[in-house]
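Residue numbers (the numbering used here): 377 to 792.
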Ligand code: SF4
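Shown next as structure tokens:
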């Protein structure tokens, strides 16, 4: 897919590594700490945990002087670019810049005094620090002015659902960006987040036509992971598939590690980032399964995340009926049958083991295959032999026929 052409930003330094956003740089994944920034040890631990999960950039809230005072120490103990999230108090931005933070986020909805914004721009320009201008549907404008502005802007985007909010966010961005243009400061990234997926799609499409700055995508207040993931992936996935977006944050009311994991998985799925670690393919299960496939899939997923860095495809299939076709292209595959599993490595059958041995044997094959790939003995995605489905009557047992004949007991999924 062709990406929208944008300017490019550099965030970070020699210590953190420089992360580029926009231009032809890979799309980056951001997240935000959930603890108090002035609790230095906890903040450092959380940042390092998020970086280990794959976050390219981590944002911290700095509502108090104590938070900006903590930044210098936090920066000295972490190795990922840090963004100071500033609302209401422009002094926090100046203090964060002074501490050496790598990027500032300003909210036009609560810091809009021109002199104050100019002071932040000057400080950032002097140190080469980029700024994200992030409007947010929930804090787009002071409440007392909201009705008046909505009436003024109501005629714009009247054919869009919630077009008045879209108009408010875009007007606010355009007014704010004039301050930056007047200063000839272009080290800027833009976001316009809302909690409604369709409004987010419409708004980002529109601002992508009006600005050539990199866009930071997000659906704000998306909710818990269970529903927030759908709302976020619908909006962000649509935009990314249209070539819009240069960096993103998925926002959950949950552990921010999930934000990183799901952001990366979305980019990998769209082929916008090179995958790190194994890609797991698993059958959705149906009435044919005769092993505890749900548990096997979860166990395989956890262990692969711990042990495998090479982007191999691993398939865990419930039966031999559709399994071979559905596992097409997998480097490593297991086809379960009547409490057994047959394991293949790039089309070669390597084992036929009872259910309780499937997990360990599969992982052993994955680790061995990883070594072979690293040493150049094997190549990812190279399928040397077509997978011939195991004989469901012979090797894997006849399934329901066996149960009907009383040779084996019925297996209930979830039973230990
Ligand atoms: S692989 Fe077999 S058990 Fe799994 S969904 Fe397909 S047909 Fe059903």
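Just so it is clear, CB atoms sit at the ideal spot from N, CA and C, and this is done for glycine as well.
Item                                                                                                                                                                                        : Value
Spatial neighbours of residue 377 within its chain, please: CB distance less than 7 Å, with the 5 preceding and 5 following residues excluded, ordered by chain position.                   : 617 and 619
Return the first residue and the last residue of the alpha helix (DSSP H) that residue 613 is part of.                                                                                      : 601 to 617
Work out the CA separation of residue 576 and residue 546 for me, nearest whole Å.                                                                                                          : 12 Å
Just checking: is the beta-carbon of residue 450 within a distance shorter than 8 Å of some beta-carbon in chain D?                                                                         : Of the chains in the structure shown, none is chain D; there is only one protein chain.
Just to check my reading of the structure: residue 405 and residue 639 have Cβ atoms closer than 8 Å, yes? What is that Cβ distance to the nearest angstrom?                                : 4 Å
What residue range does the beta strand (DSSP E) around residue 511 cover?                                                                                                                  : 507 to 512
Checking the sheet assignment: what are the DSSP bridge partners for residue 708?                                                                                                           : 690 and 721
Less than 7 Å between C-beta atoms, sequence neighbours within five positions excluded: which residues of the same chain meet that for residue 379?                                         : 619
For residue 641, which of 466, 572 and 608 has the nearest alpha-carbon?                                                                                                                    : 608
Would the beta-carbon of residue 487 fall within 8 Å of that of residue 466?                                                                                                                : yes
I'd like to confirm the pairing. Which residues does DSSP put opposite residue 453 in its beta bridges?                                                                                     : In the DSSP output, where bridge partners are listed per residue, residue 453 has none listed.
Can residue 716 be considered in contact with ligand 1, in the sense that its beta carbon sits closer than 7 Å to one or more heavy atoms?                                                  : no
For a test of the three-state rule: what should DSSP assign to residue 385, helix, strand or coil?                                                                                          : strand
Could you check whether the Cβ of residue 664 sits closer than 7 Å to any heavy atom belonging to ligand 1?                                                                                 : yes
If you reduce the DSSP assignment to three classes, tell me which class residue 758 lands in.                                                                                               : coil
At the level of alpha carbons, what is the spacing between residue 650 and residue 430?                                                                                                     : 12 Å
Considering only residues of the segment 413 to 455, which uninterrupted alpha helix (DSSP H) runs meet the minimum length of 4 residues and lie entirely inside it, listed in chain order? : 416 to 429 and 441 to 452
Could you give the first and the last residue of the continuous alpha helix (DSSP H) run that contains residue 493?                                                                         : 490 to 503
Who are the Cβ neighbours of residue 420 in its own chain at under 7 Å, not counting the five residues just before and after it?                                                            : 450, 453 and 454
Looking at ligand 1, does it come within less than 7 Å of residue 692, judged from the CB to the closest heavy atom?                                                                        : no
Select from 456, 485, 484 and 505 the residue whose C-alpha is nearest the C-alpha of residue 325.                                                                                          : Here the chain has residues from 377 to 792 only, and residue 325 is not among them.
Which one of 711, 481, 409 and 386 has the shortest CA to CA distance from residue 730?                                                                                                     : 711
Would you grab the beta carbon distance between residue 654 and residue 690 for me? Rounded to a whole angstrom, and I think it's under 8 Å.                                                : 5 Å
With a threshold of 16 other CB atoms inside 10 Å of the CB of residue 464, please say whether the residue is buried or exposed.                                                            : exposed
Ordered along the chain, which non-local residues of its own chain (more than five positions away) have a Cβ less than 6 Å from that of residue 468?                                        : 438, 444 and 462
For the beta strand (DSSP E) that contains residue 585, what are its first and last residues?                                                                                               : Counting along the chain, residue 585 falls outside any beta strand (DSSP E), though it belongs to the alpha helix (DSSP H) covering 573 to 586.
Roughly how many angstroms lie between the CA atoms of residue 628 and residue 753, to the nearest whole one?                                                                               : 42 Å
From this set, 632, 656 and 665, which residue's C-alpha is nearest residue 428's C-alpha?                                                                                                  : 632
According to DSSP, residue 744 sits in a beta bridge with which residue or residues?                                                                                                        : Residue 744 is not bridged to any residue.
Quick check on DSSP: helix, strand or coil for residue 778?                                                                                                                                 : Below a pLDDT of 50, predicted positions are generally treated as unreliable, and residue 778, at 47, falls in that range; the measurement from the model is reported next regardless. Here residue 778 sits in helix by DSSP.
Per DSSP, which one or two residues make a beta bridge with residue 398?                                                                                                                    : 384
Determine the direct distance from the alpha carbon of residue 749 to that of residue 390, and round the result to whole angstroms.                                                         : 31 Å
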